[in-house]
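Undergrad: Before anything else, here's the structure in question.
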Amino acid sequence: MQLQTHELDIRVPGRTLCSALNLRVSAGENWAVLGANGSGKTTLLHTLAGLRAPDAGAVTLDERSISEYSHRARARYVGVLLQDYGDAFPSTVIETVLSGRHPYLSRWRWQDDADDLRLAEQALASVGLENFADRSLVTLSGGERRRVEIATLLTQDPPIRLLDEPINHLDLRHQIEILRLLTTGRMRGEGFNMVVLHDVNLAARFCTHALLLFGNGECLYGKLAEVLQAEVLERLYGYPIRQIEAEGRLFYTPA
Amino acid sequence: MQRASYLTIVLLLAAPLSMVLALSAGSVDLSLAQLGGALLGHGDDVASMVVRELRLPRALAAFAVGGLLALSGALLQVLLRNPLADPYILGVSGGAAVAALLTILLGLGGVWLVGGAFAGSLLSTFLVFSLSRLHGAWTQNRLLLTGVVIAAGWSALISFILAVSPDSNLQRMLFWLMGDLSYARYPVFGMAVLGAGLLIALALARPLNLLARGDLAAAALGENPARLRVSIYFLASLLTATAVTLAGSVGFVGLIIPHALRLISGSDHRRLLPNTVLLGGSFLVLADTAARTAIAPTQLPVGVLTALLGVPVFLFLLAQTRSQ
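Following this line, the structure appears as structure tokens:
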């Protein structure tokens, strides 16, 4: 599948976050979305997902405007991992993960059938939570809850995954395992990922492309190696950055 | 999940039991045989009349009102994402009360009171809906604030009407305000709205589960949260309006029944909503039976009993879950 933006503008009151963006994201690619706090990464992700209308220009999914898809159809192609979720009332882990099947079920489907349950259990196992099915969400730690949310997205199983800080709250090992699972794991159809990250080194390790948002309307994007450079990152974060070479790779660290 | 299904079975048994109790208890206590005879239409005359013309309509109205309020409460708690939401929080009952009290003040009864209450609650529903949408986005906080403020306005009008009403009307008005089933008519209408309302609510059950996690989460999984919220708002308002029209503002049921069930068996709305209707209905049938018989021949407004019975039960439940 292919996601494209055409002269896309994203504005919030008083500020342009992104102007005349012409992005093309194709099957098999893993995009890192980088930028300082408040630079518009989340707003961009929501716009690409069709959860928010563009302020100018268009977003197309396989040559068709994303707003032309029904909500349900869109949710079968595009999955979003939100930065955070509300929890008005406590539910269990398995109930939450099964909600990923929602876009595929007809309104009157009552019982979650065996296939859905199997998918949900597989997803839980793949994020290392196989024994957590009947636990209440409120009893989980922040990182465990994050993994439940990722398992929900895996159960939704969309070809396109837009992930807003997926490794928030995760410990070092789970950061790597989850990013590896998302970027190299089996993906349905001809899919791709866009991942909002704050860790430049993890972006460099797992992604093929990068999109940098400077927060003033300027965007820089392309193959990771072309975009990710110390002086660009210094400008992106407004902080001096040192470049260190080890094991044949470049690492970036704040000075 | 399992637990909620077992609970449904228990509640399906409890509902007819509560009805039997309501039909047999009262100033004339009836045996099961007499009751059966009365219902089938070949018992002795007094028993038949008492059951068919007094107790049965009243018990059905009680079940309908209890079910309507509990269902409305469950829906509004998700809509407002606020555990304190009850069916009256957005002013539906206030509008009904002002209209109802005015008809009592004017000496009109019966159909005027019922029609007035229903019209008043619909007026309030549309007023809150349009005012909360005046500028920009329809957020739950705007809706909540608009509803609460309109409700406060209604309650000022209620106080005003009570202050200027002659003493002869006051008891009737107070009973209406506290919730009272002794004048309840049209139980069939109540049951019909309850049935249709539950059916629509069940179609929204999975979307409600998503909405409880937030608007964006629901949108990301293929729902249209804006449309969903409008549907829930009008559905809950209609349920409340019907309940209030039948029995005045019976308190407590709409707030506590959904919460009690969430504590016992979780928040999957596919199971929660039917359980809510069954428990809310049975609970109000029992509370009304107690209201009729507790200090007979004096009849209490049922609203007094719902709180007196409900408060200790709910506090017990809360304590139980906390210690788990």
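Protein sequences, first through last, are from chains Z and U.
Position in the first sequence (first residue = 1) + 1 = this note's numbering.
Position in the second sequence (first residue = 1) + 1078 = this note's numbering.
Just so it is clear, CB atoms sit at the ideal spot from N, CA and C, and this is done for glycine as well.
1) Between the region 1291-1305 of chain U and chain Z, which residues of the former have a C-beta closer than 8 Å to a C-beta of the latter?
2) Reducing DSSP to helix, strand and coil, say where residue 1228/U ends up.
3) Does the Cβ of residue 1/Z have 16 or more other Cβ atoms within 10 Å, making it buried, or fewer, making it exposed?
4) Would you report the Cα separation of residue 69/Z and residue 60/Z, rounded to the nearest angstrom?
5) Please identify, using Cβ separations under 7 Å, the residues of the region 1157-1183 of chain U that lie next to chain Z, in order along the chain.
6) What does the alpha-carbon distance come out to for the pair residue 1/Z and residue 196/Z?
7) So which of 234/Z, 148/Z, 109/Z and 113/Z has the shortest CA-CA distance to residue 130/Z?
8) According to DSSP, is residue 1270/U helix, strand or coil?
9) Could you give the C-beta distance for residue 1343/U and residue 90/Z, rounded to a whole number, given that I count them as a contact under 8 Å?
10) Would residue 50/Z pass as an interface residue toward chain U - the criterion being a Cβ-Cβ separation below 9 Å?
11) Please return the same chain residues whose Cβ sits closer than 7 Å to the Cβ of residue 1181/U, not counting the five positions on each side in sequence.
12) With 9 Å as the threshold, decide whether the Cβ of residue 1332/U is near any Cβ in chain Z.
13) Sorry if obvious, but does the Cβ on residue 1104/U come closer than 8 Å to a heavy atom of the ligand SAH?
14) Using 8 Å for Cβ pairs, my map puts residue 251/Z next to residue 244/Z. What's the rounded Cβ distance?
15) Would you mind stating whether residue 1092/U and residue 1356/U have Cβ atoms separated by less than 9 Å?
16) Within the same chain, show all residues whose beta-carbon is closer than 8 Å to that of residue 1382/U, passing over the 5 residues directly before and after it, in chain order.
17) Between the region 82-98 of chain Z and the region 1271-1283 of chain U, can you find at least three pairs of beta-carbon atoms closer than 8 Å?
18) Applying the 10 Å Cβ sphere with the 16-neighbour rule, what's the burial state of residue 1141/U?
19) At a Cβ threshold of 9 Å, is residue 1398/U touching chain Z?
20) Using a Cβ-Cβ cutoff of 9 Å, what residues of the region 60-90 of chain Z are near chain U? List them in chain order.
21) Grab me the residues of residue 43/Z's own chain with a C-beta within less than 8 Å of its C-beta, minus the 5 sequence neighbours each way, in chain order.
22) Along the beta strand (DSSP E) that carries residue 1107/U, what are the first and last residues, could you check?
23) If you follow the beta strand (DSSP E) that residue 247/Z is part of, which residue opens it and which one closes it?
24) For a cutoff of 9 Å on Cβ pairs, would you count residue 44/Z as touching chain U?
25) Around the C-beta of residue 1204/U, are 16 or more other C-beta atoms found within 10 angstroms, so that it is buried, or is it exposed?
26) Looking only at its own chain, which residues have a Cβ that is under 8 Å from the Cβ of residue 1176/U, when we skip the five neighbours before and after it?
27) Under 9 Å between C-beta atoms, does residue 1366/U make it to chain Z?
28) DSSP on residue 10/Z, reduced to helix/strand/coil?
29) Rounded to the nearest angstrom, how far is the Cβ of residue 1341/U from that of residue 1395/U, given a contact under 8 Å?
30) From which residue to which residue does the alpha helix (DSSP H) around residue 1332/U run?
31) Between residue 41/Z and chain U, is there a C-beta pair that is closer than 9 Å?
32) For chain C, check one thing: does any of its Cβ atoms lie closer than 9 Å to the Cβ of residue 1358/U?
33) Where does residue 105/Z fall in DSSP's three states?
34) Which residues in the same chain have their Cβ closer than 6 Å to the Cβ of residue 1389/U, if we skip the five residues on either side of it in sequence?
35) Please work out which residues of its chain come closer than 8 Å, Cβ to Cβ, to residue 1402/U, disregarding the five sequence neighbours upstream and downstream, and give them in chain order.
36) For the beta strand (DSSP E) that contains residue 165/Z, what are its first and last residues?
TA: In brief:
1) 1291, 1292, 1294, 1295, 1297, 1298, 1299, 1300, 1301 and 1302
2) As a working note, residue 1228/U is residue 150 in the second sequence. Three-state result, residue 1228/U: helix.
3) One cannot answer for residue 1/Z here, as it falls past the ends of chain Z, which runs 2 to 256.
4) If you number the first sequence from 1, residue 69/Z lands on position 68. If you number the first sequence from 1, residue 60/Z lands on position 59. Between residue 69/Z and residue 60/Z, the C-alpha separation is close to 10 Å.
5) 1159
6) The structure shown does not extend to residue 1/Z, since chain Z spans only 2 to 256, so no value can be given for it.
7) Taking the first sequence and counting its residues from 1, the one referred to as residue 130/Z is at position 129. It is 148/Z.
8) Here residue 1270/U is taken as the residue at index 192 of the second sequence, counted from 1. Of the three classes helix, strand and coil, the one that applies to residue 1270/U here is helix, per DSSP.
9) By 1-based counting over the second sequence, the position of residue 1343/U is 265. By 1-based counting over the first sequence, the position of residue 90/Z is 89. About 12 Å separates the two Cβ atoms, so there is no contact after all.
10) Start at 1 with the first residue of the first sequence, and residue 50/Z comes out as number 49. Output row for residue 50/Z: interface = yes.
11) Your numbering for residue 1181/U matches position 103 in the second sequence. For residue 1181/U, where only same-chain residues beyond five positions count, the Cβ hits under 7 Å are 1190, 1191 and 1194.
12) Position 254 of the second sequence, counted from the first residue, corresponds to residue 1332/U. Chain Z, which has no Cβ nearer than 9 Å to the Cβ of residue 1332/U, makes this no.
13) By its list of ligands, the structure shown contains no ligand whatsoever, and the ligand SAH lies outside what it can speak to.
14) By 1-based counting over the first sequence, the position of residue 251/Z is 250. By 1-based counting over the first sequence, the position of residue 244/Z is 243. Indeed, because the Cβ distance is near 6 Å, the residues count as touching under 8 Å.
15) Counting from one through the second sequence, the residue named residue 1092/U turns up at place 14. Counting from one through the second sequence, the residue named residue 1356/U turns up at place 278. Their beta carbons are under 9 Å apart, which means residue 1092/U touches residue 1356/U by this criterion.
16) Here residue 1382/U refers to the residue found at position 304 of the second sequence. These residues qualify, in order along the chain: 1256 and 1369.
17) no
18) Walking along the second sequence from the start, residue 1141/U turns up at place 63. Burial call: buried.
19) Numbered from 1 along the second sequence, position 320 holds the residue referred to as residue 1398/U. So, not an interface residue.
20) 71, 72, 73, 74, 75, 76, 77, 79, 80, 81, 82, 83, 85, 86, 87, 88, 89 and 90
21) Within the first sequence, residue 43/Z is the residue found at index 42, counting from 1. Counting only Cβ-Cβ distances below 8 Å, and skipping sequence neighbours, we find 84, 165 and 197.
22) Your numbering for residue 1107/U matches position 29 in the second sequence. From DSSP, residue 1107/U is part of no beta strand (DSSP E); its letter is neither H nor E.
23) Within the first sequence, numbered from 1, the residue matching residue 247/Z stands at position 246. Run containing residue 247/Z: 242-247, per the beta strand (DSSP E) assignment.
24) The residue labelled residue 44/Z in the question sits at position 43 within the first sequence. False, the Cβ-Cβ gap to chain U never drops below 9 Å.
25) As a first step, residue 1204/U must be located in the second sequence, where it is residue number 126. Residue 1204/U is exposed by the Cβ-count criterion.
26) Taking the first residue of the second sequence as position 1, residue 1176/U is located at position 98. Once the five neighbours on either side are set aside, the close Cβ partners of residue 1176/U are 1198, 1232, 1235, 1236 and 1239.
27) Here residue 1366/U corresponds to residue number 288 of the second sequence, with the count starting at 1. Judged by the 9 Å Cβ criterion, residue 1366/U is not in contact with chain Z.
28) For the purposes of this step, residue 10/Z is taken as the residue at position 9 of the first sequence. If DSSP states are grouped into helix, strand and coil, residue 10/Z belongs with the strands.
29) Stepping through the second sequence from its first residue, residue 1341/U is reached at position 263. Stepping through the second sequence from its first residue, residue 1395/U is reached at position 317. Correct: roughly 5 Å between the Cβ atoms.
30) One-based indexing of the second sequence puts residue 1332/U at position 254. Unbroken alpha helix (DSSP H) run through residue 1332/U: 1331-1343.
31) For the purposes of this step, residue 41/Z is taken as residue 40 along the first sequence, with counting starting at 1. No - not a single Cβ of chain U is within 9 Å of the one on residue 41/Z.
32) Chain labels in this structure do not include chain C; the protein chains are Z and U.
33) For the purposes of this step, residue 105/Z is taken as the residue at position 104 of the first sequence. In this structure, residue 105/Z counts as helix in the three-state DSSP scheme.
34) For the purposes of this step, residue 1389/U is identified with residue 311 of the second sequence, where counting begins at 1. Contacts found: none.
35) By one-based count along the second sequence, residue 1402/U stands at place 324. Any reading at residue 1402/U is ruled out, since the residue's pLDDT is 46, under 50, leaving its predicted position unreliable.
36) Locating residue 165/Z in the first sequence gives position 164, counting from the first residue. Here the beta strand (DSSP E) through residue 165/Z covers 161-165.
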